[in-house]
Structure formats: C-alpha cells, structure tokens
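Chemist: Residue numbers (my numbering): 133 to 177.
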C-alpha cells in the first residue's frame, strides 16, 4: 500500500514538474523512459 502511494505521489510530482517546465518536458520524459528501460533490462537479464 505504501509503495502504491509513493508511486502515485511520484507521478503527481512528475506531472507537476512537466506542466510547470514545458521546455524541459521532452528531456524529462526521455530520461524517465531511459530509466524505466534500464530497470526493466536489469530485471529481465
């Protein structure tokens, strides 16, 4: 339950950051996808 709440908080903070900083949104999204891809790659290795 706590991890779900943490994930939700992280999503809200991330969304707020993207909306408040539209110029850096593309780079932020790209870095997030890169991080997720790296994490999934490490899990499936």
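Built from N, CA and C at the ideal position, the CB exists for glycine as well.
Whole angstroms are fine: how far does the CA of residue 134 sit from the CA of residue 162?
Modeler: Approximately 27 Å between the Cα atoms of the pair.
Chemist: What three-state label does DSSP hand residue 177 in the structure shown?
Modeler: Reduced to three states, the DSSP call for residue 177 is coil.
Chemist: Measure the C-alpha to C-alpha separation of residue 177 and residue 167 and round it to an integer number of angstroms.
Modeler: Going by the C-alpha atoms only, they are around 15 Å apart.
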